[in-house]
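Engineer: In full-length UniProt numbering, the protein residues as written are 1 to 175. Built from N, CA and C at the ideal position, the CB exists for glycine as well.
(1) On the premise that residue 99 lies in contact with residue 74, defined as a C-beta separation below 8 angstroms, what is that separation, rounded to the nearest angstrom?
(2) Between the alpha carbons of residue 35 and residue 29, how many angstroms are there, rounded?
(3) Going straight from the alpha carbon of residue 48 to that of residue 88, what length do you get?
(4) Which term fits residue 108, buried or exposed, when burial requires 16 or more other beta carbons within 10 angstroms of its beta carbon?
(5) Quick one: what does DSSP say residue 44 is sitting in, helix, strand or coil?
(6) In the structure shown, what three-state DSSP assignment does residue 130 receive?
(7) Within this structure, are the beta carbons of residue 147 and residue 134 separated by less than 7 angstroms?
(8) What distance in whole Å lies between the Cβ atoms of residue 118 and residue 43, which are believed to be in contact at a cut-off of 8 angstroms?
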């Protein structure tokens, strides 16, 4: 039996269904603990906040989103020290953690997630090639961070970043 090939619209529909399922679970966990979520996004440009607010009733658990695409925005809106960006680069573990911490400090949320990466097609280096994304999540007073390397074009990298950020957030939230 030949494998079934899905159209782009069918793949997008499956992606939306998977995101909605994760977001429903995230919302239930946040609501159960009376917690709010704040996001700090660079390479995704607000896509995570948009996905959250696509879910009806999200105002009960989504507090705000920061789109801090430039280094100046990271410093001004989230309090990321410019020296940290100069020393490690915007796409780094220390900056992702500072973004997540800053999202909490500059909001009324108790949980945050942050992403900073190289979505391409330009901007990559040998040390940080296109597809490199640093993530940080603040949950329960702890900051967790990790790096992922995604393949594909700019759109694919950004969608993979949204998917991974929310999937990992769900795993970090207490049931």
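Structural biologist: The answer reads as follows:
(1) Reading the chain shown from its first residue, position 74 is the one you call residue 74. Reading the chain shown from its first residue, position 99 is the one you call residue 99. With 8 angstroms as the limit, residue 74 and residue 99 qualify as a contact, their Cβ atoms being about 6 angstroms apart.
(2) The residue labelled residue 35 in the question sits at position 35 within the chain shown. The residue labelled residue 29 in the question sits at position 29 within the chain shown. Cα to Cα, residue 35 sits roughly 8 angstroms from residue 29.
(3) Your numbering for residue 48 matches position 48 in the chain shown. Your numbering for residue 88 matches position 88 in the chain shown. Distance between the alpha carbons of residue 48 and residue 88 is about 24 angstroms.
(4) Locating residue 108 in the chain shown gives position 108, where the first residue counts as 1. By the 10 Å Cβ count, residue 108 comes out exposed.
(5) Start at 1 with the first residue of the chain shown, and residue 44 comes out as number 44. Residue state, collapsed to three classes: coil.
(6) Taking the chain shown and counting its residues from 1, one reaches residue 130 at position 130. Looking at residue 130 - three-state DSSP - the assignment turns out to be coil, as it is neither helix nor strand.
(7) Position 147 of the chain shown, counted from the first residue, corresponds to residue 147. Position 134 of the chain shown, counted from the first residue, corresponds to residue 134. Cβ atoms of residue 147 and residue 134: closer than 7 angstroms.
(8) On the chain shown, position 43 is the one that residue 43 refers to. On the chain shown, position 118 is the one that residue 118 refers to. Confirmed, about 7 angstroms.
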